[in-house]
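Each residue of the sequence shown is one higher than the last, beginning at 0 in numbering that gives the first Met the number 0.
Glycine residues also receive a C-beta, built at the ideal position from the N, C-alpha and C atoms.
The block underneath contains the structure these notes are about, expressed in structure tokens.
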Amino acid sequence: MFNTHYSNINALWSALLVEELWRLGVRHCCIAPGSRSAPLTLMAAGHKGLSRHVHFDERGLGFYALGVAKSRREPVAIITTSGTAVANLYPALIEARQTGVPLIVITADRPPELIGCGANQAIEQQDIYSGYPGAVLNLPTPNEQISPNWVLTSIDQAFVRSCQQGLPLHINCQFREPLYPDGQLHDYSHTLSGTRSWLQGVQPHTTYQLPEPGLLSIPVQWADFIEGKGIVVAGRIEAGTEVEAVVRLSKTLGWPLVTDVQSQLHGHPEAVKHADLLLSNDHGRALMSEADRVFQIGGHLISKRLDQFLGQKNWKHYMMVDRESRRMDTAHRQTLRMVGSVAEFCQRLVEITPKQARWDNQLHEFADDLVAQISTALNDDTLTERWVCAHLGSMLPESTQLFIGNSLPIRLMDMFSATPLPYVFANRGASGIDGLMATAAGCCTGSELPTVMLVGDVSFLHDLNSLQLIRQTRYPMVVVLFNNDGGGIFNLLSMGSAADARTDYFVTPHGLNAQHVTSMFGLHYQAPKSHREFERALQQGLQQPAGTIIEVFTQPGEGADSVREMVHQVHQL
């Protein structure tokens, strides 16, 4: 039963907020230290239904919460104080919006009389995140004249407009002093008298019943859509989704399955391997071009070559399904867009679709030959980035998840890996390099599974504070760090007459290694020099609870050179 005795009205409103979010399904709360947010923090700290995570850096904390929410597929709350602390959550909130993750950002604020007058740590926080939250709730300063029912129903309404639809929520709370308890409790029974049934229950004040998003009807165009040669393209699909329904649909249609590294189907026995490289070969591209229709599941494709192929061809039909309604059509080719559960929709299509003869035998034969030749070429004698990406999947024990960092690592994994990669996470909404280690640590904590992360050196340096979050994980977490002394992705780009500026202004060599900073945070450190040493370090790291950094040193430009070399070899086949 909800308590009715509090030190002040700030504490009461904070308790109402924390309790109502718990009733709405929030089980994890991430907290950054701060004084203006003390009423919120103290109520979250005392709530028996919440798991709490504390970190000193708001930017890292926001991404950590993002990882917890991604892996648990449920809303996660963040509490922060006023001022620039609020702005530090912006990058994580953008990523949450771009990938449909229900983050709840709860920001403490100064009261109206302290805004715009030069008061300390007071900025304009209302609507600070522009259009990225699905809803914004600006709560007034707590006041006994305002009904608690209004507070609760406002929370419920904001939640249904955002989190219940897979969007982030911003709740801004204005507090006057006192912010801390003074040792005396006041009885607020009279103030709460209108919430009697809520006080005695465990349900939200207002429960919203929305239409079930997974119940998609079969499109009327389906019978015509399947009468032809098509391809199934699997883009980003959430880890934990029943993706075998996608495979069954591909087999029923008799269409080739092309998979992104984020699809949870990359390297599947039924999938076309090395699709990005295949499209760099004229014959392979011609075989793929025999298709005249596309069924795409999920967006955010990693392969630029695949994305361009899909965008440049004039398809007869182009259907896409994804759980998000947000526009994901970079070339504006889609003719039918379905929004709902991927697994349920694909399974329903399997059940009503007559089995078709395969048209792609030549494509699969060519792809199989390509796999054999690429596998031979990828057996580098030395420990390289492409060797790690080609073999990492086969080294991961069952029930181990993989978080792939942005920039060069995720492109190398998408291009070179041909082994099954289940439980893959990445931040490909805005595709920034910030907060990657924090997000991976959150995924590890949220899923309670051993986690391997692949990250580049610049991304690593950008998020050093989050080594503390890795240190705090209770489950094995291994960070495989590619150290090529700078931003290796820029060695892939053609800069024309600006090429002379590439090293100093884009690659930015740093000459650093991770050994000492790893020691400072109390993590294990390995720097293998051979294939065998790498595999041993990986297995050791996955067997110990503390975090491990495995630093793989490579020559600057080596990863980019390996891409160009492989594309050239495949093109000549």
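Environment of Met-0 [buried if 16+ CB atoms lie within 10 Å]: Taking the first residue of the sequence shown as position 1, residue 0 is located at position 1. By the 10 Å Cβ count, Met-0 comes out exposed.
Got a sec? Which residues, its chain only, sit under 8 Å from Asp-281 by beta carbon, not counting five neighbours each side? Within the sequence shown, numbered from 1, the residue matching residue 281 stands at position 282. The answer, listed in chain order, is His-570.
Against chain D, with Cβ distances strictly below 8 Å, would Leu-138 count as a contact? Considering every chain present, this structure includes no chain D. It has just one protein chain.
Among Leu-20, Glu-532, Asp-155 and Asn-426, which one has its Cα closest to the Cα of Gly-61? Here residue 61 is taken as the residue at index 62 of the sequence shown, counted from 1. Comparing Cα-Cα distances from Gly-61 to each of Leu-20, Glu-532, Asp-155 and Asn-426, the minimum goes to Asn-426.
Tell me Tyr-474's beta-bridge partners as DSSP assigns them. The count along the sequence shown starts at 1 and reaches residue 474 at position 475. When DSSP reads this structure, Tyr-474 sits in no beta bridge, so it has no partner.
Once you ignore the five residues that flank Ser-518 on each side, which residues in its own chain have a CB closer than 8 Å to its CB? Taking the sequence shown and counting its residues from 1, the one referred to as residue 518 is at position 519. Cβ neighbours of Ser-518 beyond the five flanking positions: Tyr-524.
To which residues does DSSP link Ser-216 through a beta bridge? Walking along the sequence shown from the start, residue 216 turns up at place 217. DSSP output for Ser-216 lists no bridge partner at all.
Take the Cβ of Trp-386 as the centre, count every other Cβ of all protein chains shown within 10 Å, and call the residue buried at 16 or more, exposed below. As a first step, residue 386 is located in the sequence shown; it is residue number 387 there, counting from the start. Buried.
What does DSSP give as the partner residues of Val-257 in its beta bridges? Taking the first residue of the sequence shown as 1, we reach residue 257 at position 258. Val-257 is bridged by DSSP to Val-232 and Val-271.
Considering only their Cβ atoms, is the gap separating Met-337 from Pro-147 smaller than 8 Å? Numbered from 1 along the sequence shown, position 148 holds the residue referred to as residue 147. Numbered from 1 along the sequence shown, position 338 holds the residue referred to as residue 337. Cβ atoms of Pro-147 and Met-337: not closer than 8 Å.
Closest Cα partner of Val-293 within the set Met-318, Leu-184 and Gln-568: By 1-based counting over the sequence shown, the position of residue 293 is 294. Of Met-318, Leu-184 and Gln-568, the residue nearest in Cα terms is Met-318.
Does DSSP classify Ala-44 as helix, strand or coil? The residue you call residue 44 lines up with position 45 of the sequence shown. Of the three classes helix, strand and coil, the one that applies to Ala-44 here is helix, per DSSP.
Is Val-562 closer than 8 Å to Glu-491 when the C-beta atoms are compared? Mapped onto the sequence shown, residue 491 falls at position 492. Mapped onto the sequence shown, residue 562 falls at position 563. The displayed chain sequence assigns Leu, not Glu, to residue 491. In this structure, Val-562 lies closer than 8 Å to Leu-491 by Cβ.
Put Ser-340 into one of helix, strand or coil per three-state DSSP. Here residue 340 refers to the residue found at position 341 when the sequence shown is read from its first residue. Looking at Ser-340 - three-state DSSP - the assignment turns out to be coil, as it is neither helix nor strand.
Span of the beta strand (DSSP E) holding Asn-602? Absent from the model: residue 602. The displayed extent of the chain is 0 to 572, so no value can be given.
Tell me, which residues are paired with Asn-137 by DSSP? The sequence position of residue 137 within the sequence shown is 138, counting from 1. In the DSSP output, where bridge partners are listed per residue, Asn-137 has Asn-171.
Report all residues from its chain with a CB closer than 7 Å to the CB of Gly-24; omit the five preceding and five following residues, and keep chain order. Stepping through the sequence shown from its first residue, residue 24 is reached at position 25. Answer for Gly-24: Glu-73 and Pro-74, listed in chain order.
With distances taken between CB atoms, is the gap from Leu-20 to Ala-107 smaller than 8 Å? Translated into positions along the sequence shown, residue 20 becomes position 21. Translated into positions along the sequence shown, residue 107 becomes position 108. Against a cut-off of 8 Å, the Cβ pair of Ala-107 and Leu-20 comes out as no contact.
Would you tell me roughly how many angstroms separate the C-alpha atoms of Ile-8 and Thr-98, rounded to the nearest one? To locate residue 8, count along the sequence shown from 1; it is residue 9. To locate residue 98, count along the sequence shown from 1; it is residue 99. C-alpha separation (whole angstroms): 37 Å.
Rounding to the nearest angstrom, what Cα-Cα distance links Arg-175 and Arg-109 in this structure? Your numbering for residue 175 matches position 176 in the sequence shown. Your numbering for residue 109 matches position 110 in the sequence shown. Spanning the two alpha carbons is a distance of roughly 7 Å.
Which whole-angstrom value is the C-beta distance of Ala-440 and Gln-346, which I expect to be below 8 Å? Within the sequence shown, the letter at position 441 stands for residue 440. Within the sequence shown, the letter at position 347 stands for residue 346. In fact, because the Cβ distance is near 34 Å, the residues do not count as touching under 8 Å.
Contacts around Val-479, its chain only, beta-carbon distance under 8 Å, and the 5 residues preceding and following it disregarded: Start at 1 with the first residue of the sequence shown, and residue 479 comes out as number 480. Excluding sequence neighbours, Val-479 sits near Val-387, Leu-391, Val-451, Met-452, Leu-453, Val-454, Leu-537, Ile-549 and Val-551.
Going by DSSP, name the residue or residues bridged to Ser-50. Position 51 of the sequence shown holds residue 50. As a beta-bridge residue in DSSP terms, Ser-50 pairs with His-27.
Are the beta-carbon atoms of Ala-437 and Ser-406 separated by less than 8 Å? Walking along the sequence shown from the start, residue 437 turns up at place 438. Walking along the sequence shown from the start, residue 406 turns up at place 407. Cβ distance not < 8 Å, so Ala-437 and Ser-406 don't count as in contact.
Beta-carbon spacing of Ser-70, Ser-446 below 8 Å: Counting from 1 along the sequence shown, the entry for residue 70 is found at position 71. Counting from 1 along the sequence shown, the entry for residue 446 is found at position 447. Yes, they are a contact pair.
Once you ignore the five residues that flank Leu-198 on each side, which residues in its own chain have a CB closer than 7 Å to its CB? As a first step, residue 198 is located in the sequence shown; it is residue number 199 there, counting from the start. Short of 7 Å from the beta carbon of Leu-198, and not among the five residues preceding or following it, lie these beta carbons of its own chain, in chain order: Met-0, Phe-1 and Leu-191.
Gly-601 to Phe-520 span [Cα, whole Å]: The structure shown does not extend to residue 601, since the chain is modelled only from 0 through 572, so no value can be given for it.
Leaving out the 5 sequence neighbours to the left and right, which residues in its chain are closer than 7 Å to Asp-181 when beta-carbon positions are compared? Translated into positions along the sequence shown, residue 181 becomes position 182. Apart from the 5 residues on each side of it in sequence, Asp-181 sits with its Cβ closer than 7 Å to the Cβ of Ser-6 in its chain, given in chain order.
Going by alpha carbons, who is nearest to Val-457 out of Gln-467, Met-287, Gly-434 and Thr-472? Working through the sequence shown from its first residue, we reach residue 457 at position 458. Per the Cα distances, Gly-434.
Trp-358 to Leu-286, Cα distance in whole Å? Residue mapping note: residue 358 aligns to position 359 of the sequence shown, counting from 1. Residue mapping note: residue 286 aligns to position 287 of the sequence shown, counting from 1. Whole-angstrom Cα-Cα distance: 10 Å.
Which of the three DSSP states is assigned to Ile-488 in this structure? For the purposes of this step, residue 488 is taken as residue 489 along the sequence shown, with counting starting at 1. In the structure shown, Ile-488 adopts helical secondary structure according to DSSP, grouped into three states.
Under 8 Å, with one C-beta from each stretch per pair, do the segment 242-262 and the segment 79-87 reach the 3-pair mark? These segments do not touch.
4 or more residues per run - each alpha helix (DSSP H) lying fully within the segment 50-100: Segments of the alpha helix (DSSP H) lying fully in the segment 50-100: 57-71, 83-86 and 89-98.
Under the three-state DSSP convention, the category Phe-1 falls into: For the purposes of this step, residue 1 is taken as the residue at position 2 of the sequence shown. DSSP places Phe-1 in coil when its eight states are reduced to three.
Just grab the DSSP bridge partners of Ala-107 for me. Translated into the one-based positions of the sequence shown, residue 107 becomes position 108. Under DSSP, the beta-bridge partners assigned to Ala-107 are Cys-172.
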